[in-house]
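Novice:
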Amino acid sequence: MELPLYVKNILDTLSKGGYEAYAVGGCVRDSLLGIVPGDYDICTSALPEEVIELFREFTVVPTGIKHGTVTVVSDAPVEITSFRSEGKYSDNRHPDSVIFVKSVEEDLSRRDFTVNAMAYSQQRGIVDPFGGICDLEKKIIRCVGDPETRFDEDGLRIMRALRFASVYGFEIEKDTESALRKKRTLLLGISEERLFAEMSKLLMGQSAHIIIDKYPEVIGTFIPEILPMIGFRQHTPHHHLDVWKHTMKVLENSWGDDLSMRWSALLHDCKKPDCFVLDKNGRGHFTSHQELGAKNAFNILTRLKCDNKTKNEVVSLIENHDLYFRGDIPDMQRLINRLGKELPKRIFRFRVYDSMAQNPNTVPEKLLECQRAMKIYNEVVENKLCCFVSDLEIDGFDLIKLGVKPGKQIGETLTKLLFAVIDKKCENNRDKLAAYVADYILKAGNL
Ligand code: ATP
Ligand code: MG
183 MELPLYVKNI
193 LDTLSKGGYE
203 AYAVGGCVRD
213 SLLGIVPGDY
223 DICTSALPEE
233 VIELFREFTV
243 VPTGIKHGTV
253 TVVSDAPVEI
263 TSFRSEGKYS
273 DNRHPDSVIF
283 VKSVEEDLSR
293 RDFTVNAMAY
303 SQQRGIVDPF
313 GGICDLEKKI
323 IRCVGDPETR
333 FDEDGLRIMR
343 ALRFASVYGF
353 EIEKDTESAL
363 RKKRTLLLGI
373 SEERLFAEMS
383 KLLMGQSAHI
393 IIDKYPEVIG
403 TFIPEILPMI
413 GFRQHTPHHH
423 LDVWKHTMKV
433 LENSWGDDLS
443 MRWSALLHDC
453 KKPDCFVLDK
463 NGRGHFTSHQ
473 ELGAKNAFNI
483 LTRLKCDNKT
493 KNEVVSLIEN
503 HDLYFRGDIP
513 DMQRLINRLG
523 KELPKRIFRF
533 RVYDSMAQNP
543 NTVPEKLLEC
553 QRAMKIYNEV
563 VENKLCCFVS
573 DLEIDGFDLI
583 KLGVKPGKQI
593 GETLTKLLFA
603 VIDKKCENNR
613 DKLAAYVADY
623 ILKAGNL
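Right, here's the structure in full:
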């Protein structure tokens, strides 16, 4: 296994000090999968004070000294954790105590999944007491030890299992799978922040649509709002799939896009079952599911302590996800004025993912609409066409000089000028705008 030089140096320092030291956990798993690890964790037989002493020439931060972890800042920060086992878990989340242990094997036995319970050192090569390499080859997530006990110790592991399966496209081993289904209500005891973080990683995974489709009742323990979508028939020529299967398809289509897009994919149609009305021709309608869906997403993401940026993006996208753009350049300028510069682009992108999950007969026409909207959007942006008052070549101070009274008239006049420019009644040029103010606004008393 190849390690970066700074990690090798840290391992060398520890072993020259007379201690065992290994790269461990995620970095071993990722290296074996041919993925460049995001970070490197080290475990060692040295106790925290001994690590601090050995690395006194470095910046050492006692990040989790109670649990045996210190962080050595080299080219990147590296967490060094003393071999430990974990004591009894009385709250299903945190070990009541940690006990330092002698061997790396004992340390590996407290880790969650076989693929995460491997260590590497130059002296010993890969240490793999639980068959992690074999499970990586078979693409399987399997608990170390008895799955039910392991989930009882820490309920978050249920979501970690789903997350790893989604990110790597793995399956969950049978006993681990039935244990996580059985123990799913343990998730109710996990903090919302941690659930949100795991769910977000799961959503970013290549197999999110497969895993969520396979374990909806697990996700549904902490996001019950998704459950009514399952099997809900739509009774409309626009859709060949029920709301849930459609949602899974939108997730599949939006893979590779950002987190807000992935959350939007999951939540955009949650409120369809609540809004469903069958007309006299037997056709289904879902009036207002966008607005209700946006409120619903707001409530879910607030409860899960999602950051405001992501939350706002998801809420405004869901609110507008059925926006049908038929207009031309000035309509696009008005749309950008109303929704901001970024949102329309996201809406059109989302509509591609959404359309491609609808009745195949209707897809070509819907895609053409999205393509046309994107083309017009790009024309507006590339040509830097006026969309906001701040894009005007004239400002409030100029207007005062021209005789507009300070106060709310300034804003109103600028808005009038903006729409005059959008409607091509006036060019966006200082002199022309000044003349327009004099002729059409001040003289005509249009204010
Ligand atoms: P990533 O960094 O990609 O999220 P990772 O496997 O490195 O994945 P971390 O949360 O960084 O995950 O944890 C590092 C290692 O610590 C894991 O590989 C695993 O061995 C162990 N570990 C982490 N969380 C738990 C847990 N809840 N229960 C048991 N072991 C865990
Ligand atoms: Mg990690």
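For the sequence shown, counting from 1, position 209 maps to 391 in the working numbering; every step adds exactly one.
Just so you know, even glycine gets a beta-carbon here, dropped at the ideal spot from N, CA and C.
It should be emphasised that the depicted structure is a prediction, and the values quoted were computed from it without experimental measurement.
1) If I follow the unbroken beta strand (DSSP E) through C225, where does it start and stop?
2) Can we say the region 515-530 touches the region 409-427, given the rule of at least three CB pairs closer than 8 Å?
3) Report whether the distance from the Cβ of L599 to the nearest heavy atom of the ligand ATP is below 8 Å.
4) Whose CA, out of T296, H249, I308, lies closest to the CA of V283?
5) Assuming A379 and R444 are in contact, meaning their beta carbons sit under 8 Å apart, how far apart are those beta carbons, in whole angstroms?
6) So if DSSP puts V255 in a beta bridge, which residue, or which two residues, is it bridged to?
7) Is it the case that the CB of V252 approaches a heavy atom of the ligand ATP more closely than 8 Å?
8) If we ignore side chains and look at the alpha-carbon of each, how far apart do T367 and E330 end up?
9) Can you list the beta strand (DSSP E) stretches of 3 or more residues lying completely in the region 365-397, in chain order?
10) In the region 409-482, which residue ranges form an unbroken alpha helix (DSSP H) of at least 4 residues, counting only runs that do not cross its ends?
11) Would you mind giving the Cβ-Cβ distance between E473 and E501, rounded to the nearest angstrom? I have them listed as a contact below 8 Å.
12) I want to know whether the region 342-353 touches the region 287-301 - three or more CB-CB distances under 8 Å.
13) Pull up the distance between the alpha-carbon of H467 and that of D461, whole angstroms please.
14) Between D286 and C225, how many whole angstroms is the CB-CB distance? I'm expecting something under 8 Å.
15) Whose C-beta lies closer than 6 Å to the C-beta of S227 among residues of the same chain, with five residues either side of it excluded?
16) Verify the contact flag: R293, CB atom, against every heavy atom of the ligand ATP, threshold strictly below 8 Å.
17) Measuring only the C-alpha atoms, how far is S446 from I511?
18) Tell me whether V206, by its Cβ, gets closer than 8 Å to a heavy atom of the ligand ATP.
19) Taking all protein chains shown into account, decide if S183 is buried (16 or more other Cβ within 10 angstroms of its Cβ) or exposed.
20) I'd like the list of long-range same chain contacts for L193, defined as Cβ closer than 6 Å, with 5 residues on each side in sequence excluded.
21) Can you tell me whether Y559 is buried or exposed? The criterion is at least 16 other CB atoms within 10 Å of its CB, across all chains shown.
22) Comparing C-alpha positions only, which one of T251, T245, A258 sits nearest to P219?
23) Which residue comes first and which comes last in the alpha helix (DSSP H) that contains N506?
24) For the alpha helix (DSSP H) containing V309, list its first residue and its last residue.
25) I'd like to confirm something about G220: is its beta-carbon nearer than 8 Å to some heavy atom of the ligand MG, or not?
26) Alpha carbons only, please: which of N435, F601, I322 is nearest the one belonging to Y535?
27) Is there at least one non-hydrogen atom of the ligand MG closer than 8 Å to the beta-carbon of C225?
28) Please determine whether the Cβ atom of C209 lies at a distance below 8 Å from any heavy atom of the ligand MG.
29) So, using beta-carbon positions, are V255 and P244 closer together than 9 Å?
30) Count the other CB atoms, across all protein chains shown, that sit within 10 Å of the CB of L187; report buried if there are 16 or more and exposed otherwise.
31) Inspect the beta-carbon positions of D223 and E268 and report whether they are closer than 9 Å.
32) Just the Cα atoms here: how many angstroms apart are E561 and P546?
33) Kindly list the residues whose CB is nearer than 7 Å to the CB of R465, restricted to its own chain and excluding five residues on each side of it in sequence; keep chain order.
34) Just to confirm my understanding: we take C568, look at its own chain, exclude 5 residues before and 5 after, and list those with CB closer than 8 Å. What are they?
35) Rounding to the nearest angstrom, what Cα-Cα distance links L370 and S498 in this structure?
36) Apart from the five residues on each side of it in sequence, which residues of its chain come closer than 8 Å, Cβ to Cβ, to R485?
Specialist: If we stick to the structure as given:
1) 223-226
2) no
3) no
4) H249
5) Contact flag wrong, Cβ pair sits at about 14 Å.
6) T241, P259
7) no
8) 12 Å
9) none
10) 425-435, 441-449, 454-457
11) 6 Å
12) yes
13) 7 Å
14) The displayed chain sequence assigns Val, not Asp, to residue 286. That pair is a contact at about 7 Å.
15) Y201, E202, F265
16) yes
17) 27 Å
18) yes
19) The sequence as given places Met at residue 183; Ser does not occur at that position. Exposed, since its Cβ has fewer than 16 Cβ neighbours within 10 Å.
20) A203
21) buried
22) A258
23) Going by the sequence as given, residue 506 is Tyr instead of Asn. Careful: Y506 lies outside any alpha helix (DSSP H) and carries neither H nor E.
24) First-last for V309: 307-309, but that is the beta strand (DSSP E), not the alpha helix (DSSP H).
25) yes
26) N435
27) no
28) yes
29) no
30) exposed
31) no
32) 23 Å
33) H417, T418
34) Q515, L574, L600, V603, I604, N610
35) 28 Å
36) E374
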